[in-house]
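Chains as they are written, first to last, in my numbering: chain D, 572 to 689; chain G, 53 to 166. From the three backbone atoms N, C-alpha and C, an ideal C-beta is built for every residue, glycine too. Only a predicted model underlies this, so the values are computations on that prediction, with no experimental measurement involved.
Here it is as structure tokens:
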């Protein structure tokens with residue numbers, strides 16, 4: 572199947588700093604990528620949908636100025652957590668789809684990035 | 053309210069035993085149904101999906117799931133569990149006519165005893 576990678580796999584940062592997480596589709600072009608957040612022992616919550624060359628669409632309650640998403644190419648989307656605070660500590664997962672029509676448009680998930688803010 | 057429910061937070065089974073993970077949904081119409089597995093520190097992998105037709109769906113790694121409309125359920129089963137099956141399992145739905153972005157249940161953690 573299609574492979575999606577994330578970098579870094581884990582990151583620790585100080586409160587107030589910004590952290591960038593990369594999501595890459597390795598063997599396919601992804602018009603659309605998705606960013607999820609997963610708290611311990613909880614489900615994945617969709618944060619935003621990222622389309623190449625356009626602004627991301629954020630889910631209700633997600634601060635777009637805090638979670639900056641850039642989908643600069645068909646194989647790369649980045650999530651930047653700006654001015655991170657301890658409550659931003661979480662597991663961030665991206666996914667990408669093949670751009671197919673309808674239900675054949677399966678999402679492929681990256682391995683996730685563990686962010687810890689001290 | 054519309055929801056996806058996985059009533060079991062943890063399930064513990066012995067290696068070689070059978071497994072059933074429960075998933076119920078609450079939507080006005082039958083959604084499209086999925087099961088994903090997440091191994092520690094890794095992303096989600098699709099096990100199987102149901103759109104229509106035969107209500108018993110075969111997936112990868114020896115898993116199967118049965119859609120029961122009358123019970124609004126889509127339970128995941130495996131006849132004989134292997135230690136490598138220990139992971140987090142997520143049921144997910146996609147609403148017909150929607151954006152095809154899955155909504156996930158909270159997950160069930162599978163623990164396998166030797």
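Asked, Found
"Residue interval of the beta strand (DSSP E) (run including residue 684(D))", "684-688"
"Residue 580(D) versus residue 573(D): straight-line alpha-carbon distance, rounded", "19 Å"
"Beta-carbon proximity check, residue 683(D) vs residue 667(D), cutoff 9 Å", "no"
"Spatial distance of residue 583(D) from residue 641(D) (CA atoms)", "22 Å"
"Closest residue to residue 102(G) among 83(G), 71(G) and 115(G) (Cα-Cα distance)", "83(G)"
"Rounded distance between the beta-carbons of residue 663(D) and residue 608(D), thought under 8 Å", "6 Å"
"Close Cβ partners of residue 73(G) (< 6 Å) along its chain, the five nearest in sequence each way excluded", "128, 141 and 160"
"The segment 616-634 of chain D touching the segment 61-73 of chain G, judged by at least three CB pairs closer than 8 Å", "no"
"Coarse secondary structure for residue 123(G), derived from DSSP in three states", "helix"
"C-beta contact flag for residue 602(D) and residue 622(D) at 9 Å", "yes"
"Chain-ordered chain B contacts of residue 613(D) [CB-CB under 7 Å]", "Absent from the structure is chain B; the protein chains it does hold are D and G."
"Spatial distance of residue 616(D) from residue 166(G) (CA atoms)", "33 Å"
"Check whether residue 119(G) and residue 109(G) have beta carbons under 9 Å apart", "yes"
"Proximity test, Cβ basis, 9 Å: residue 602(D) and chain G", "no"
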